[in-house]
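A short write-up of the structure that comes next.
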Amino acid sequence: MKQSVSGETIFALSSGRLPAGVAIIRLSGPKTRFVIETICGKLPAPRVAALRTFVDCDGNPIDRGLVIYFPAPSSFTGEECGEFHLHGGKAVADAMITCMYSFEGCRMAEAGEFTKRAYENGKFDLTVAEGLADLIAAETEGQRRLALHIASGAQASLYSGWRQELIRARALIEAELDFADEADVPGSVSDQVWTDLSELGQRISKHVADGKRGVLVRDGFRVVIVGEPNAGKSSLLNALAGSDVAIVSDEPGTTRDLIEIKLDLGGLPVLVTDTAGLRDTEGKVERIGINRARERAAAADLVVALVDLSNAAADFPGDVDNAAVLRVGTKFDLNPAYKRDDCDLVISVRDNDGLEALLAIFAKRAAEAAGNLSDPLPTRRRHLELLAVTSHELEMAVRQDNAPLEVRAEFLRRASFALGRITGHVDVEDILDVVFSQFCIGK
Ligand SMILES: Nc1nc2c(ncn2[C@@H]2O[C@H](COP(=O)(O)OP(=O)(O)OP(=O)(O)O)[C@@H](O)[C@H]2O)c(=O)[nH]1
Ligand SMILES: [Mg+2]
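Quick note on numbering: the UniProt record's numbering labels position 36 of the sequence shown as 36, and the sequence is numbered without any gaps.
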């Protein structure tokens with residue numbers, strides 16, 4: 001295994017906000033052993049927690065706690081690593097960090113630097129690193145499950161398997177090119193190769209189609225509430241949020257901006273957005289709000305169109321550019337006798353009526369859209385873009401059966417290059433900062 005060429009030892013507070021029961025300071029790099037020996041005395045046995053008094057460079061005690069030493073390469077980063085478990089007081093952690101600064105060649109880690117070193121030392125590929133970032137950021141059960149799956153290497157093995165298939169096919173084609181002049185080479189080896197590649201292309205296309213599900217689980221199922229002014233959109237949003245996040249008034253045109261809340265429904269993140277009431281208006285600011293509402297509704301996974309049942313002149317907004325619309329009648333308490341045959345559901349925010357049914361519909365639609373979370377879904381646009389390139393180049397190679405073999409082999413090379421960029425197996429210097437900066441400091 002390649003060892004990090006970085007000579008610097010990095011450290012950071014890896015546990016959460018202080019004060020807390022315990023604070024964990026992690027370090028990685030060549031000075032680790034020396035730092036542990038200086039602060040704790042004797043080096044503990046590898047990977048075994050030892051209770052020690054921690055002292056600073058002048059021999060003054062800082063705290064008493066646990067220390068663990070992970071010799072290279074059996075550590076998270078692949079380098080010499082250590083952890084100090086201290087009492088989670090702010091002054092305790094500060095004193096320890098000040099002490100660590102005093103060692104030459106030691107510095108505070110940057111965001112994601114431990115994980116970046118692990119990646120550079122070949123501990124895992126980029127998709128696993130991204131899975132770890134998602135695992136740390138996971139707020140819902142669905143996000144956790146998908147992130148854990150990816151962090152465990154499901155995507156990594158899928159993509160590297162595909163890449164191997166492409167590389168093998170290219171090797172066969174190269175061989176055919178090399179022997180093309182020899183008369184006794186039996187028919188084209190590539191017939192079977194092209195059948196296999198075409199089948200691989202179908203698998204990749206299906207995976208790309210599944211990408212919508214991965215992005216949905218990671219970023220949320222998007223519900224957008226629309227309706228004429230005063231339909232009760234902001235009242236509904238507040239009721240769903242359980243707090244007054246949006247201003248409610250009987251003045252039409254109250255809401256102008258998009259107001260978004262996040263719900264956790266059945267383990268999936270659901271983002272619900274309140275919008276400006278849709279109507280023709282002279283107001284400049286209101287018009288901007290209405291345009292934003294239309295754009296957001298067009299991109300939604302589900303549009304909830306409201307109509308005020310207490311107002312006979314009210315109607316659903318007619319021009320919403322989205323096929324997934326749920327029609328809901330509001331303020332049912334004001335007009336319980338009134339029936340519209342075009343409502344999927346009626347609600348009253350005042351009486352807390354129909355809201356549970358509405359949430360159940362959101363949860364059901366989100367779960368249907370997310371599907372089975374045990375598939376290794378692509379969760380990032382970065383993956384989807386590179387998969388689209390892979391798919392396109394592969395299709396060019398398979399389809400152009402009249403083109404010279406050299407040309408078709410070149411398309412295959414580009415396809416495997418794009419796959420290699422997802423996992424980080426080929427030239428990815430330019431994307432590393434983007435990937436690792438999403439981590440917090442200490443990871
Ligand atoms: N009785 C009753 N009144 C409601 C209900 N929902 C909303 N209202 C009232 O209807 C009025 C308009 O409500 P909002 O939630 O501000 O409506 P909106 O659709 O956000 O309106 P704009 O932001 O102007 O587009 C307010 O006076 C609310 O109190 C309900 O379920 N029952
Ligand atoms: Mg409003």
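Each residue gets a CB set at the ideal place from its N, CA and C atoms; glycine is no exception.
Y69 is positioned such that its CB atom lies no closer than 8 Å to that of T423. Straight across, the Cα-Cα distance linking Q202 with E79 is about 41 Å. With respect to the 8 Å criterion, K339 and T275 are not classified as neighbours on the basis of their beta carbons.
Boundaries of the beta strand (DSSP E) harbouring I261: I259 to L265, taken from the DSSP string. A direct Cα-to-Cα measurement between A360 and W162 gives close to 39 Å. The way I'd put it, the segment 140–150 does touch the segment 372–385; three or more beta-carbon pairs between them come closer than 8 Å.
Within its own chain, the residues whose Cβ lies closer than 6 Å to the Cβ of S310, once the five positions on either side in sequence are excluded, are K331, L334 and N335, listed in chain order. Distance check between R350 and each of R145, L236, L126 and D178 places L236 closest, using alpha-carbon atoms only. Counting C-beta pairs with one atom in each stretch, the segment 20–38 and the segment 93–104 have three or more that are closer than 8 Å, which means they touch.
With fewer than 16 other beta carbons inside 10 angstroms of its own, E251 counts as exposed. When DSSP states are grouped into helix, strand and coil, T330 belongs to the strand group.
Three or more Cβ pairs drawn from the segment 262–279 and the segment 136–143 lie within less than 8 Å of each other, which places the two stretches in contact. Checking the 7 Å criterion, the Cβ of P229 is within range of a heavy atom belonging to ligand 1. If the five residues before and after T390 are omitted, its C-beta is found closer than 7 Å to the C-beta atoms of I204, A415, A418 and L419, all from its own chain and listed in chain order. For D250, the Cβ falls inside the 7 Å cut-off from some heavy atom of ligand 1. For K233, the shortest C-beta to heavy atom distance toward ligand 2 is below 7 Å. Runs of the alpha helix (DSSP H) lying entirely within the segment 20–108 and spanning at least 4 residues, in chain order: 32–40 and 90–101. Within 10 angstroms of the beta-carbon of V224 lie 16 or more other beta-carbons, which makes it buried. With contacts defined as CB atoms closer than 8 Å, A388 and V208 qualify as a contacting pair. As for any beta strand (DSSP E) of minimum length 3 sitting wholly inside the segment 154–239, the runs are 221–227, ordered along the chain. Burial is judged here by how many other beta carbons sit within 10 angstroms of a residue's own beta carbon; D63 has at least 16 and is buried. Measuring C-alpha to C-alpha distances from L412 to each of N291, A239, V193 and V303 identifies V193 as the nearest. Taking 8 Å as the cut-off, the beta carbon of I25 is found no closer than this to the beta carbon of I136.
Sequence-distant Cβ neighbours of V407 in its own chain, meaning closer than 8 Å and more than five residues away, are Q400.
Cβ-Cβ distances below 6 Å link M396 to F411 in the same chain, with the five nearest sequence neighbours on each side left out; the list follows chain order. For L135, the enclosing alpha helix (DSSP H) begins and ends at L126 to A137. DSSP lists L27 and M108 as the bridge partner or partners of F11. The segment 44–54 makes no contact with the segment 112–124; the number of CB pairs closer than 8 Å stays below 3.
When DSSP reads this structure, V270 sits in a beta bridge with F221 and L263. Around the Cβ of V22, a 10 Å sphere holds fewer than 16 other Cβ atoms; the residue is exposed. The beta-carbon distance between F221 and A369, rounded to whole angstroms, is 6 Å. This is short enough to meet the 8 Å contact definition.
Counting only the Cα atoms, G289 lies some 12 Å from D280. Among the bridge pairs identified by DSSP, V320 is matched with none.
Note on geometry: alpha-carbon atoms of S28 and A45 lie some 17 Å from one another. Contact between V226 and A305 is confirmed by a C-beta separation of about 5 Å, below the 8 Å threshold.
Under the DSSP assignment, A369 falls in the alpha helix (DSSP H) whose first and last residues are L355 to A370.
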